[in-house]
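Position 63 of the sequence shown, counting from 1, maps to 66 under this note's numbering, and the rest follow consecutively. The C-beta atom is built at its ideal place from N, Cα and C for all residues, glycine as well. These numbers come from a predicted model, not from an experiment.
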Amino acid sequence: MRFCPRTVPWIRDPPDPAGTAGHKEGIYIPDLEYTGRPHIGNTMTEGKEIASELRRLVDRDIAFMHICGTHEAAIARTGLRSVLPPGLSIVMGPGCPVCITPQGEIDAALELAEQGCIITTYGDLLRVPGSKGSLESCGGDVRVVQGVHKAAEIAAREKDREVVFISVGFETTAPTVAAALLTSPPENFSVLSCHRLVPPAMAWLLSQGEANLHGFILPGHVCTVMGYEEYEQFPVPQVVAGFEADDILLGLLMLTRQVLKGEAQVENAYPRAVTREGNQKAKSVMNRVFVPEDVEWRGFPVIPGSGLAIRPGFSQYDARKKFGITIRHVEKHSACICDRVLRGIAQPTDCKLFGKACTPQRPVGPCMVSHEGACRIWQLYRVKQG
Ligand code: SF4
């Protein structure tokens with residue numbers, strides 16, 4: 004039988020995302036059922052057993068980072084941190100594509116709206132603050148779409164208007180956008196590419212060492228497209244993990260075993276979806292349309308080769324070239340610590356605005372806006388602690 008996260012029967016009240024209530028008051032044990040994924044030593048068939056093995060093994064402080072908002076949502080929703088041994092921590096990284104979109108790119112989208120373009124994008128991006136407001140409040144013609152194809156359909160219907168798709172996302176969404184541009188969309192359609200690539204950000208994080216990490220939970224969705232061979236360049240423990248609680252626990256156990264043995268390799272705890280080579284067709288489509296470029300991330304400086312520019316052969320669909328848009332660096336002027344949260348050196352609850360001046364209803368920073376943002380996720384699953 005397949006484990007469904009929504010039907011996990013909790014022994015106690017719902018968990019807090021930080022897991023601190025669990026450590027203070029006893030642990031929460033999710034009653035996980037076997038899901039058909041590979042066993043560890045043919046014995047670890049349930050989340051409970053994996054959590055128990057982790058508690059037996061972890062004899063020191065160990066920190067693993069995930070780079071995926073969906074992982075954080077799964078961890079918080081299931082209260083997974085509360086079943087971990089006190090020495091083992093899961094740190095959030097720059098895994099929310101909306102959150103890492105810098106103010107300069109939001110400002111570029113606002114500039115396009117000011118020029119009279121129809122702006123199309125995902126709903127999560129509307130309330131992300133730029134330096135002069137957000138797309139939601141700008142007064143322009145801003146429309147939420149489910150994807151790039153819907154945006155191209157609007158361009159086909161409204162031929163007398165310019166339609167720009169603000170395209171955010173990692174390697175998971177870029178191939179779809181590339182595929183749309185390969186189908187010769189209408190001339191009045193273009194894309195503002197705000198895509199990011201995960202491995203260059205990992206390289207930056209490792210070069211800085213500020214988060215004191217022992218390994219990475221690799222993003223299952225990104226690796227479904229890209230595979231994991233690119234990650235073999237990094238000399239740290241890494242495990243590709245899926246998105247159910249026992250997927251993540253299994254990934255943590257594999258990482259912990261690497262740390263204790265002094266190993267550093269890439270392992271795959273998500274073989275039902277991920278292969279080493281990934282989806283070759285999707286990668287090929289993405290590479291035909293996009294080329295890596297140096298870009299800034301919110302909370303990070305310019306990271307070499309971490310963005311995706313539209314290749315010159317498709318420049319008629321490149322909103323930056325079509326409308327003469329320059330992406331500028333914008334200095335941060337608020338108490339928001341999203342930059343530190345995204346670099347794994349702070350938690351949402353470290354922010355003095357969390358849950359007070361900054362809430363999902365009145366977000367101050369992007370991490371409280373997006374469904375993949377750590378602050379919004381923690382606010383959603385937070386429980387009162389005694
Ligand atoms: Fe930024 Fe709000 Fe999160 Fe604080 S709680 S880091 S202001 S998004």
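- In the DSSP assignment, L200 falls outside any alpha helix (DSSP H) and carries neither an H nor an E.
- For S373, same chain residues with a beta-carbon under 6 Å away, outside a window of 5 residues either side, are C99, V101, C102 and D127 in chain order.
- Counting other Cβ atoms within 10 Å of its Cβ, G136 stays below 16 and is therefore classed as exposed.
- For I340, the shortest separation between its Cβ and any heavy atom of the ligand SF4 lies below 8 Å.
- Excluding sequence positions up to five before and after V148, its CB lies within less than 8 Å of the CB of T123, T124, Y125, A154, I157 and F168, all in the same chain and listed in chain order.
- In this structure L216 touches M68 by the C-beta definition: roughly 5 Å separates them, less than 8 Å.
- Under DSSP, D321 takes part in a beta bridge, and its partners are V194.
- In terms of CA proximity to V344, I380 leads the group I380, P188, V145 and F237.
- Secondary structure remark: continuous beta strand (DSSP E) runs of at least 3 residues inside the region 99-137, in chain order: 121-124.
- Taken from the Cβ of F303, every heavy atom of the ligand SF4 lies 8 Å or farther away.
- For E247 and V277, the gap between their C-alpha atoms comes out near 15 Å.
- Across the structure, S55 and L91 are spaced so that their CA atoms are roughly 13 Å apart.
- The region 301-320 makes contact with the region 184-198: 3 or more CB pairs, one atom from each, lie closer than 8 Å.
- H69 has M95 and I220 as its beta-bridge partners, per DSSP.
- When C-alpha distances from F293 are compared across Q106, P189, V194 and G358, the shortest belongs to V194.
- Under the three-state reduction of DSSP, L256 is assigned to helix.
- Every beta strand (DSSP E) stretch that sits fully inside the region 251-317 and reaches 3 residues is listed by chain position as 269-271, 293-299 and 305-313.
- If you draw a 10 Å sphere on the C-beta of A159, you find fewer than 16 other C-beta atoms in it, and that means exposed.
- Contact check for V61 against T259 passes: the beta carbons are separated by less than 9 Å.
- Distance check between G133 and each of G143, D110 and A116 places D110 closest, using alpha-carbon atoms only.
- The continuous alpha helix (DSSP H) containing A154 extends over residues V151 to R160.
- Each of G107, H336, V145 and P97 was checked against the Cα of A116, and the nearest Cα belongs to V145.
- When secondary structure is reduced to three states using DSSP, Q241 falls in the strand class.
- When C-alpha distances from A285 are compared across G119, A177, I70 and E165, the shortest belongs to A177.
- DSSP places R331 outside both helix and strand once states are collapsed to three, so it counts as coil.
- The three-state secondary structure of V344, taken from DSSP, is helix.
- With a threshold of 8 Å, the Cβ atom of F192 does not count as near the ligand SF4, since no heavy atom of the ligand is closer than that.
- No residue range can be given for R84, since it is assigned to no alpha helix (DSSP H) and is classified by DSSP as neither H nor E.
- Assignment of V225 by DSSP, reduced to helix, strand and coil, places it in the helix class.
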